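Below: the structure, in structure tokens.
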Amino acid sequence: HILGASLGGYLSQHFAASFPSRVRSLILCNSFCSTNLFSENAACVPLLRLIPHFVLKGIIADSFPAPPLEKNVHASYRLSLMQVDELSQADLASRMTLNCTRDACVAPSLPQSSVTILETADRAAVPVEAREELRQRYPLAKVATMKRGGDFPFLAFPEETALFVELHLRRLQVEPQPESHHKVQAALASEWEAREKKRQQKAARETASETSGGFRWSSALASSSPSFVPSVGVQGNDGSLSSETHINNGDLGSDGGAVIEGGRRAMDPLGLVFEGRG
């Protein structure tokens, strides 16, 4: 059972079409089934491998919806930017290249009754046209709508998202396993603590650099820059997928370029995948 968001959902469909015996169901969150709407940015592809990491990160931040946003939604975008820091320049450029390349998913062979389309009603970076195309690809799929959550509802409102995941799995006669869930929770908590420690160490180094005469780049870019949006896919190895991520509340300030005016067509470079039982 695979849950994929944005580019993660696009790649999940490719995986299901290539390995049908390994996939029982799909949950596609704010996703799409082709990159045609994003291919207008294809002209920048040859330059992506030459652009510094901090500029690529700024392009991603530029694609996020502009404030005001709910605090949890702000925090989910902040967490996604922290994950961008963990990718190398080559990895980030390759994901952007994938997003800019014109292509479409081959419809997987699994029954459409095993597909759930999960969408958020508030602002998200994936164009409405792309979501409509996905619904047309799977006319018999169940469509669930959350009133809020932005591009990462599983981070902003994990309990509500987990409820939709549980309903999807119960429809397929899959029951949750609480013991496995607790193991996943402990692993996620440990991973989060390690990432937070790494972030604090990096912030301390930047502060030391500033005090010694260095400087820090802002991620704000010119309004003509192409825009991208990261994605996350969550994959469970059995039918009882359910997870909850705790994140610190916080706002994305407009002065640091973390959230800049959006509105242009978005790309989707990250395709991050978390795997686990429970």
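For this note's numbering, count along the sequence shown from 1 and bump the result up by 15.
We treat Cβ as the ideally placed atom computed from N, Cα and C, and that holds for glycine.
On a predicted model such as this, the values are computed, not experimentally measured, just so you know.
Bounds of any alpha helix (DSSP H) do not take in alanine 20; it lies within the beta strand (DSSP E) bounded by 17 to 20. Within the DSSP bridge table, the entry for cysteine 48 names no partner. By the C-beta criterion, the stretch 131 to 143 is judged to be in contact with the stretch 154 to 168, since at least 3 inter-stretch pairs fall below 8 Å.
Residue pairing from DSSP leaves leucine 155 without any beta-bridge partner.
According to the DSSP assignment, leucine 182 belongs to the alpha helix (DSSP H) that extends over 173 to 186.
Look at valine 130 here: in three-state DSSP terms it is strand. Contact between leucine 125 and valine 38 holds: CB atoms are separated by about 6 Å, below the 8 Å threshold. Taking C-alpha positions only, serine 49 is separated from threonine 222 by approximately 43 Å.
Counting the other Cβ atoms within 10 Å of the Cβ of phenylalanine 34 gives fewer than 16, which makes it exposed.
Excluding five sequence positions before and after valine 88, the CB atoms of its chain that fall closer than 6 Å to its own CB belong to Gly165, Ala171, given in chain order. For arginine 214, the CB contacts under 7 Å within the same chain, skipping 5 residues up- and downstream, are Met97 in chain order.
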